[in-house]
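Engineer: Residues 284 to 741 (the numbering used here) are what the sequence shown spells out, left to right.
So that we are looking at the same thing, I have put the structure below in structure tokens.
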Amino acid sequence: MSAHAEHPAESPHHNVHPDFAGMAIDFVESDSFKPFIIPLVGLISGALMMSFPKSSTRDLGKLVLYFGAQSFMNIFMGWVFRTNVTVPKGYELPDGTALAHDLHGCPVGFALTAMQQVISFLCFIVLYAVLYNTSYRIEPKQIKSLKEVGSICIFGCVFALNIALNNFSLGYISIAVNLIIRSCLPLTTFLSQQMLAKIDLYPKKACNPVELSLMGAGVVCAAAFTIAKIMGSSSAGHSSSNMILGVVMCLASLLCGSLNLALAGVLGEMKLSVYDTVAFMSVPAFIFLLPFVVFLQKPVPGEWPQVFGVETASDWEILVKVYYIAPSTFALFALSGVFSFLYNIIQFSIVHTLSPAATAFGGNFNKAALVFLTLVLPFLQVHELPGPPYIIVIWLSVLGNVAAFSAYSYIQFKEKQAKEQKAEEVKESVDDRIALKSDQEVTEWSDGSDESEEDNVC
284 MSAHAEHPAE
294 SPHHNVHPDF
304 AGMAIDFVES
314 DSFKPFIIPL
324 VGLISGALMM
334 SFPKSSTRDL
344 GKLVLYFGAQ
354 SFMNIFMGWV
364 FRTNVTVPKG
374 YELPDGTALA
384 HDLHGCPVGF
394 ALTAMQQVIS
404 FLCFIVLYAV
414 LYNTSYRIEP
424 KQIKSLKEVG
434 SICIFGCVFA
444 LNIALNNFSL
454 GYISIAVNLI
464 IRSCLPLTTF
474 LSQQMLAKID
484 LYPKKACNPV
494 ELSLMGAGVV
504 CAAAFTIAKI
514 MGSSSAGHSS
524 SNMILGVVMC
534 LASLLCGSLN
544 LALAGVLGEM
554 KLSVYDTVAF
564 MSVPAFIFLL
574 PFVVFLQKPV
584 PGEWPQVFGV
594 ETASDWEILV
604 KVYYIAPSTF
614 ALFALSGVFS
624 FLYNIIQFSI
634 VHTLSPAATA
644 FGGNFNKAAL
654 VFLTLVLPFL
664 QVHELPGPPY
674 IIVIWLSVLG
684 NVAAFSAYSY
694 IQFKEKQAKE
704 QKAEEVKESV
714 DDRIALKSDQ
724 EVTEWSDGSD
734 ESEEDNVC
């Protein structure tokens, strides 16, 4: 056999070393890559559809791109916190023994959120410098009052706490549980607005019994789903106490998200672009999160107590340990900051080119689709789904939750459509009155001119 046949990778027609080619194939075929296939398909399909000349196809492409970006970030963060192998089995523990099982994920929700704020700010600085002498130069909004400074600080802190608590919860619960809890945002937002209305900080909103019933049904289904997942995990031998902690943190994140939306109405619309948000809110958000990162002691899930030799640790202690024992995982943390910056740009661009109703529909559809995918596709699941009766409750709860909030979104859409139509009718009526008045004035002026001319003739 010739040397050319024995070493095909060394042929002048092959420039890829066999080791690198094998690594690339292994990565594509690995369970680590499989969860990202669907988001990548969504991103590529959405980008291609947006290049079509037909406007309806472009709008649909924006929604597909939005789904790809949102699902990519959700899956990536869930993968980093729950499924990525941080420390492989065989690692020597402090007591001299070897780690029996792979150590998955890394529970550093507060620290990772703080890192994302810093990295996003650095990405903004780089982009600002690159575009400074071009026609695409970024012009940050000028802050002219103490009220705007206070609003930015408050928004930054509440926003950072919302994201940090959400990231914290992903270290203890699955993506499906996280998303179905966050689907209850309409009800918590409504309750936050009503509470602020009692102290005259927000206009009171009328209670629509149908809408409240639908939101309540959706929340009940979400609660049934969460309880079934926890009980099913317990019956399979997984710890339920850490899952309960994750659920509590996700609920706290949900309340912060509702408060953020309610405060937008109280403090006034700042109309900040995504670049303004990164430039102004990153620093106060980072400072606000520092005490949680350094001082907050929390129970560490999974095999982490064996690695640390303690049952509780702060995010800073875990982050320093990961930096030394798993630098590749630490690199993923830094990469998440870049992804977060890019995702915010995509999200901002889509939100400001589609109607609010279409954006809200897209966000609700993305959550529902991703929950369904995590239940159907095994490679998106952290643990195997529980058996009957829990799996039956889970599926019925998902269907009920999606149906309830879809009906609620439809009612909201129809109400908004009716308001816009009524406003358009009022505008047309006002325009008709103005036109009629102008015609009358012209007629009167014309009649007056004729009479004066007749008088002059006489």
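Using N, Cα and C, we set each Cβ at its ideal position, and we do this for glycine too.
What you are looking at is a predicted structure, and each value in this text was computed from that prediction instead of being measured.
Check whether the Cβ atoms of Gly392 and Leu468 sit closer than 8 Å, and answer yes or no.
Structural biologist: Contact: no.
Engineer: When you compare only the Cα positions, how much space is there between Asn491 and Val709?
Structural biologist: Cα-Cα distance, rounded: 25 Å.
Engineer: Residues in its own chain within less than 8 Å of Val311 by CB, not counting five upstream and five downstream?
Structural biologist: Reliability of the predicted coordinates at Val311 is poor, the pLDDT of 45 falling under 50, and no value is obtained from them.
Engineer: Go ahead and pull the three-state DSSP assignment for Thr560.
Structural biologist: Reduced to three states, the DSSP call for Thr560 is helix.
Engineer: Classify Ala562 as buried or exposed, calling it buried when 16 or more other Cβ atoms lie within 10 Å of its own Cβ.
Structural biologist: Buried, since its Cβ has 16 or more Cβ neighbours within 10 Å.
Engineer: Apart from the five residues on each side of it in sequence, which residues of its chain come closer than 8 Å, Cβ to Cβ, to Tyr606?
Structural biologist: Phe613, listed in sequence order.
Engineer: Between Ile464 and Leu534, how many whole angstroms is the CB-CB distance? I'm expecting something under 8 Å.
Structural biologist: Right, their Cβ atoms sit about 7 Å apart.
Engineer: Got a sec, what are the start and stop residues for the beta strand (DSSP E) Val368 sits in?
Structural biologist: It spans Val368 to Val370 - the beta strand (DSSP E) in which Val368 sits, taken as one unbroken run.
Engineer: Leaving out five residues on either side along the sequence, give the residues of the same chain with a beta carbon under 7 Å from the beta carbon of Ala394.
Structural biologist: Within the same chain, Ala394 has close Cβ partners Val576, Asp598, Trp599 and Leu602.
Engineer: Over what stretch of residues does the alpha helix (DSSP H) that includes Lys604 continue unbroken?
Structural biologist: Per DSSP, Lys604 belongs to the alpha helix (DSSP H) from Asp598 to Ile608.
Engineer: Opposite Lys581 in the DSSP bridges: which residues?
Structural biologist: DSSP output for Lys581 lists Ala596 as bridge partner(s).
Engineer: Considering only the beta carbon of each residue, do Gly439 and Pro567 sit closer than 8 Å?
Structural biologist: Cβ distance < 8 Å, so Gly439 and Pro567 count as in contact.
Engineer: Here's a check: name, in chain order, each residue in its chain whose Cβ is nearer than 7 Å to the Cβ of Cys406, leaving out the five neighbours to either side.
Structural biologist: Answer for Cys406: Val621 and Phe624, listed in chain order.
Engineer: Contact check, Asn445 vs Ser536 under 8 Å by CB: the rounded distance?
Structural biologist: The Cβ separation is near 5 Å, so the contact holds.
Engineer: Ignoring anything shorter than 3 residues or poking outside the segment 451 to 493, list the beta strand (DSSP E) runs there in chain order.
Structural biologist: If we require 3 residues or more, the segment 451 to 493 turns out to have no beta strand (DSSP E) run fully inside it.
Engineer: Cutting at 7 Å between CB atoms, please list the residues of its own chain near Leu343, excluding the five before and the five after it.
Structural biologist: These residues qualify, in order along the chain: Met332.
Engineer: Should Phe359 and Ser619 be called a contact, given that it needs their Cβ atoms to be closer than 8 Å?
Structural biologist: Yes, the Cβ-Cβ distance between Phe359 and Ser619 is below 8 Å.
Engineer: Whose CA, out of Met564, Ala383 and Ser428, lies closest to the CA of Pro588?
Structural biologist: Answer by Cα proximity: Ala383.
Engineer: DSSP on Leu618, reduced to helix/strand/coil?
Structural biologist: If DSSP states are grouped into helix, strand and coil, Leu618 belongs with the helices.
Engineer: For Ala381, which three-state DSSP category applies?
Structural biologist: It is a strand residue.
Engineer: Does the segment 507 to 515 come close enough to the segment 676 to 683 that 3 or more CB-CB pairs lie under 8 Å?
Structural biologist: The segment 676 to 683 vs the segment 507 to 515: in contact.
Engineer: Determine whether the beta carbon atoms of Leu448 and Arg365 lie at a separation below 8 Å.
Structural biologist: No, the Cβ-Cβ distance between Leu448 and Arg365 is not below 8 Å.
Engineer: How is the alpha helix (DSSP H) around Thr340 delimited, first residue to last?
Structural biologist: Ser338 to Gly361 is the extent of the alpha helix (DSSP H) around Thr340.
Engineer: Relative to the C-alpha of Val685, which candidate in Ile408, Asp378, Gly499 and Ile608 has its C-alpha closest?
Structural biologist: The residue with the shortest Cα to Cα distance from Val685 is Gly499.
Engineer: Can you tell me which of Leu386, Asn367, Met564 and Thr380 puts its alpha carbon nearest to the alpha carbon of Ile402?
Structural biologist: Here the closest residue by C-alpha is Met564.
Engineer: Using the beta-carbon count (16 or more within 10 Å), is Val659 buried or exposed?
Structural biologist: Exposed is the call here.
Engineer: According to the Cβ coordinates, are Phe591 and Lys581 closer than 8 Å?
Structural biologist: No; because the gap between Cβ atoms is not below 8 Å, this pair is not in contact.
Engineer: Using the Cβ count rule (16 or more neighbours within 10 Å means buried), how would you classify Ala701?
Structural biologist: Exposed.
Engineer: Can you have a look at Gln400 and say buried or exposed, based on whether 16 or more other CB atoms are within 10 angstroms of its CB?
Structural biologist: Burial call: buried.
Engineer: Can you look up Leu386 in the DSSP assignment and give me helix, strand or coil?
Structural biologist: Strand at Leu386.
Engineer: Going by Cα to Cα distance, which pick from Ser466, Asn525 and Leu474 is closest to Ala506?
Structural biologist: Nearest of Ser466, Asn525 and Leu474 to Ala506, Cα basis: Ser466.
Engineer: When the Cα atoms are used, what is the spatial distance from Thr340 to Leu386?
Structural biologist: If I take the Cα positions, the gap works out to 45 Å.
Engineer: Return the residue from the list Ile327, Ile510, Leu348 and Phe319 that minimises the CA-CA distance to Asn649.
Structural biologist: Ranking the options by Cα distance to Asn649, first place goes to Leu348.
Engineer: Here's the rule I'm using: 16 or more other beta-carbon atoms within 10 Å means buried, otherwise exposed. How should Lys487 be labelled?
Structural biologist: By the neighbour-count rule (16 or more Cβ atoms within 10 Å), Lys487 is not buried but exposed.
Engineer: Between the Cα of Val368 and those of Glu586, Ile426 and Asn461, spot the shortest distance and give me the residue it belongs to.
Structural biologist: Selected option, being the one with the closest Cα: Glu586.
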